[in-house]
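Line by line, the protein sequences are chains A and B. With our numbering as the guide, the letters of the first sequence map in order to residues 317 to 431. With our numbering as the guide, the letters of the second sequence map in order to residues 1260 to 1376. No residue lacks a Cβ here, since even glycine has one placed at the ideal position from N, Cα and C. Treat the numbers as computed from the prediction; the structure is a model and nothing was measured. Below: the structure, in structure tokens.
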Amino acid sequence: AQSVTQLGSHVSVSEGALVLLRCNYSSSVPPYLFWYVQYPNQGLQLLLKYTSAATLVKGINGFEAEFKKSETSFHLTKPSAHMSDAAEYFCAVGYSQGGSEKLVFGKGTRLTVNP
Amino acid sequence: DVKVTQSSRYLVKRTGEKVFLECVQDMDHENMFWYRQDPGLGLRLIYFSYDVKMKEKGDIPEGYSVSREKKERFSLILESASTNQTSMYLCASSLVDGTSGSTDTQYFGPGTRLTVL
Chain A
317 AQSVTQLGSH
327 VSVSEGALVL
337 LRCNYSSSVP
347 PYLFWYVQYP
357 NQGLQLLLKY
367 TSAATLVKGI
377 NGFEAEFKKS
387 ETSFHLTKPS
397 AHMSDAAEYF
407 CAVGYSQGGS
417 EKLVFGKGTR
427 LTVNP
Chain B
1260 DVKVTQSSRY
1270 LVKRTGEKVF
1280 LECVQDMDHE
1290 NMFWYRQDPG
1300 LGLRLIYFSY
1310 DVKMKEKGDI
1320 PEGYSVSREK
1330 KERFSLILES
1340 ASTNQTSMYL
1350 CASSLVDGTS
1360 GSTDTQYFGP
1370 GTRLTVL
């Protein structure tokens, strides 16, 4: 069964500091992994997606994530936080069932950026 | 750009009412999904559909039903709304990527915040 654990429901950083959001997954098959971002009062927007082409995946807004099979991790990073990065971030793992691809989401990490 | 729209951003209903939440996508996607989002619980899948008139239960289907009569439209129905169905409801759609075998990206609507009094 597929599952996702996001460590830390709340992360707070200073503007300009490194952002690190942690995600560990469990999957019985090679995983397809996603990071989504949700800004206040909006739906989810794709940040980046891992599909086994490269272990380091670059996304929008300067974010990137590294797939580490040995650690079953897919942590999201950004070298320098900006105030506009304040949002909730969701890690998800994809799998197929019933002819459709589905996603299992983590519980989310709320990122606060302090001036 | 893929666009997924939901009929209402905010909705207030009374206990026992029948509630319809509508979702429309404009990218000819086969798959459509309904999730509910609650603080500390993330997104949980209610129902999904991989074709017109086809539907599958997700993780929390109790108290909900769905309808997909046209490819672009996927409706979530609360037959008799209850206070524990107060939540944010998110619709999503995705393409069936038969070539790469990968799970394709899901595109989300803006959400409907439903309050049941």
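Can you give the Cα-Cα distance for residue i and residue j, rounded to whole angstroms?
i: Gly424/A; j: Lys1316/B; result: 23 Å
i: Thr1335/B; j: Thr428/A; result: For the record, residue 1335/B in the displayed sequence is Leu; it is not Thr. Leu1335/B and Thr428/A: Cα-Cα distance of roughly 33 Å.
i: Tyr1323/B; j: Leu349/A; result: 28 Å
i: Arg426/A; j: Lys1329/B; result: 36 Å
i: Ser1308/B; j: Ala397/A; result: 38 Å
i: Asn1290/B; j: Met399/A; result: 35 Å
i: Phe1333/B; j: Arg1327/B; result: 5 Å
i: Glu1321/B; j: Ser386/A; result: 38 Å
i: Pro1369/B; j: Val345/A; result: 31 Å
i: Ser325/A; j: His391/A; result: 14 Å
i: Pro395/A; j: Ser1267/B; result: 37 Å
i: Tyr355/A; j: Asn377/A; result: 13 Å
i: Thr367/A; j: Cys407/A; result: 14 Å
Within its chain, find whatever has a CB closer than 6 Å to the CB of residue i; leave out the 5 residues flanking it on each side and keep chain order.
i: Asp318/A; result: Before going further, note that residue 318/A is Gln rather than Asp in the sequence given. Excluding sequence neighbours, Gln318/A sits near Ser343, Val409, Tyr411 and Val420.
i: Leu1280/B; result: Leu1335, Tyr1348 and Thr1371
i: Pro431/A; result: Glu331
i: Val353/A; result: Gln361, Leu363, Ala403 and Tyr405
i: Lys1272/B; result: Val1278, Ala1340 and Val1375
Do residue i and residue j have their C-beta atoms within less than 8 Å of each other?
i: Asp1285/B; j: Leu1304/B; result: no
i: Thr388/A; j: Asn340/A; result: yes
i: Val1325/B; j: Tyr1306/B; result: yes
i: Leu362/A; j: Tyr405/A; result: no
i: Ser1339/B; j: Lys1277/B; result: yes
i: Leu364/A; j: Phe1367/B; result: no
i: Glu417/A; j: Ser1353/B; result: yes
So, at 8 Å on beta carbons, what are the nonlocal neighbours of residue i in its own chain, with the 5 sequence-adjacent residues on each side left out?
i: Thr1342/B; result: Thr1274, Val1375 and Leu1376
i: Val329/A; result: Val335, Ala397, Leu427, Thr428, Val429 and Asn430
Are any of the Cβ atoms in chain A nearer than 8 Å to that of residue i?
i: Gly1322/B; result: no
i: Leu1280/B; result: no
i: Thr1374/B; result: no
Taking 7 Å as the limit between beta carbons, can you name the residues of its chain near residue i, skipping five residues before and five after?
i: Leu1302/B; result: Tyr1294, Gln1296 and Leu1349
i: Leu372/A; result: Glu380 and Glu382
i: His1288/B; result: Ser1352, Ser1353 and Leu1354
i: Thr1364/B; result: Ser1353
Report yes if the C-beta of residue i is less than 7 Å from at least one heavy atom of the ligand NAP; otherwise report no.
i: Phe390/A; result: Inclusion of the ligand NAP in the displayed structure is not the case, the ligand content being empty and no account of it being possible.
Under the assumption that residue i contacts residue j (Cβ atoms under 8 Å), give the Cβ distance between them as a whole number of angstroms.
i: Gly375/A; j: Trp351/A; result: 7 Å
i: Gln1344/B; j: Leu1300/B; result: Contact flag wrong, Cβ pair sits at about 14 Å.
Check the Cβ-Cβ distances between residue i and every residue of chain B, and say whether any is below 8 Å.
i: Gly422/A; result: yes
i: Lys365/A; result: yes
i: Glu331/A; result: no
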